[in-house]
Amino acid sequence: MNTITVIGSINLDRTIRVNQMPKPGETMHTKEIFSSGGGKGANQAVAAKRSEAKTHFIGGIGNDEAGQVMLELLKQEEINVTGILEFENENTGQAYIIVDNEGENSIMIHAGANNAFTPIHVQKHRQTIEQSDFLIAQFESAIESTIEAFSIARAAGVTTILNPAPAFSEVPQDLLKVTDIIIPNETETEILTGIKITDEVSMEQAATVLHELGIQVVIITVGSKGAYYHTADNSGMIPAFKVEAVDTTAAGDTFIGSMSSVLKKDFSNLESAIRYGNKASSITVQRFGAQPSIPYRNEIM
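Per the UniProt record's numbering: the sequence shown = residues 1 to 301.
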């Protein structure tokens, strides 16, 4: 299996289950409330590790109870946490998630320590990055630190994977220039390219725009429909597995972490790696919570 380093977010998730999403000004009773490990970065690392990749993490937590809970959870997964810095005057990142009966969610994030670690901290873990097969990042932590990590990876021949979420319209060119694989969803793709995703033709048009930025592989995730991929040589749609979703939290993170654990560096097995990621995420959406829902390799197989 691959060696993967994830740089990014660590959040303690607070999940509230409701029958339907509240309207503005509405008060309602909840069905259930619970806490679990989360954060897009941590979710992706857990997914990679549960698919048996050797996994390292670079990020930050606060000197608080939430930080200790998250650090212990990652240690239990046997993820290398030496790259996680503890900050005295920052809160650990937290996410507040509402999930309705249809499995759809609404998420509010407090970044906290996720935005506190700097490029200098990243440089201290240069060797970890350089010895990886893949480096994964998202937009839930400081962008300057991600650019530094991707630059180190590019110089060392390490493949970089960018999950541009939560999306913002003006992604620094310095980051896109050192991105090998980009994995946005439909909404994020439209924000990045200005092209509304409605079908495979529009996905191909958006992928072309992203290729022009120097990105080798574009994978657009489209929820229950699956994932569209586009490279210089091939393109196509890999259908999702049809299941009854109860909570879509961490579905995309599971896809990315799981897929990267089996993807070859020359991308020769890209289709089968995407299909593996689809299988993993189809299991995730049938369970509640972020990290508790992520499957192990034996379940996926």
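Using N, Cα and C, we set each Cβ at its ideal position, and we do this for glycine too.
If you check the CB distance, Phe57 and Val6 come in under 8 Å. Around the Cβ of His125, a 10 Å sphere holds 16 or more other Cβ atoms; the residue is buried. Sequence-distant Cβ neighbours of Val178 in its own chain, meaning closer than 8 Å and more than five residues away, are Ile147, Phe150, Ser151, Ala153, Arg154 and Thr160. Val81 and Ile195 have their C-alpha atoms some 39 Å from each other. Straight-line measurement puts the Cα of Gly257 at about 5 Å from the Cα of Ala47.
When DSSP states are grouped into helix, strand and coil, Ser282 belongs to the helix group. In the displayed model, Asp253 falls within a helix according to three-state DSSP. In the three-state scheme derived from DSSP, where H, G and I count as helix and E and B as strand, Ser106 is classed as strand.
Contact check for Ala206 against Glu188 fails: the beta carbons are separated by 8 Å or more. Between Ile183 and Ala167, the C-beta gap is not smaller than 8 Å, which leaves the two residues out of contact. Remark: C-beta atoms of Gly93 and Asn43 do not approach each other more closely than 8 Å. Assignment of Gly39 by DSSP, reduced to helix, strand and coil, places it in the coil class.
Look at Arg50 here: in three-state DSSP terms it is helix. Cβ-Cβ distances below 8 Å link Asp133 to Asn2, Thr3, Ile4, Val158, Thr159 and Lys265 in the same chain, with the five nearest sequence neighbours on each side left out; the list follows chain order.
Each residue's CA atom was taken as its position, placing Ile33 and Gly289 some 10 Å apart.
For Pro239, the pairing in a beta bridge is given by DSSP as Gly226. Contact between the region 61 to 69 and the region 274 to 283 is absent: fewer than three C-beta pairs spanning the two stretches fall below 8 Å. By the neighbour-count criterion, in which 16 or more other beta carbons inside 10 Å mark a residue as buried, Glu186 falls on the buried side.
Distance from the CA of Leu85 to the CA of Glu72, rounded to the nearest whole angstrom, comes to 14 Å.
Just measuring C-alpha positions, the residue of Thr15, Ser106, Leu270 and Gly39 sitting nearest Lys23 is Ser106. When the Cα atoms are used, Thr128 and Asp233 turn out to be separated by approximately 32 Å. Tyr229 sits away from Val222, with the two beta carbons spaced by 8 Å or more. Taking C-alpha positions only, Leu213 is separated from Leu176 by approximately 7 Å. Here Thr254 is buried. Its C-beta has 16 or more other C-beta atoms within 10 Å. In terms of Cα proximity to Asn91, the closest of Glu102, Gln68 and Ser51 is Gln68. Going by C-alpha positions, Ile300 is about 10 Å away from Ile294. Cβ neighbours of Glu200 within its own chain (closer than 7 Å, five residues either side excluded): Tyr228 and Met237.
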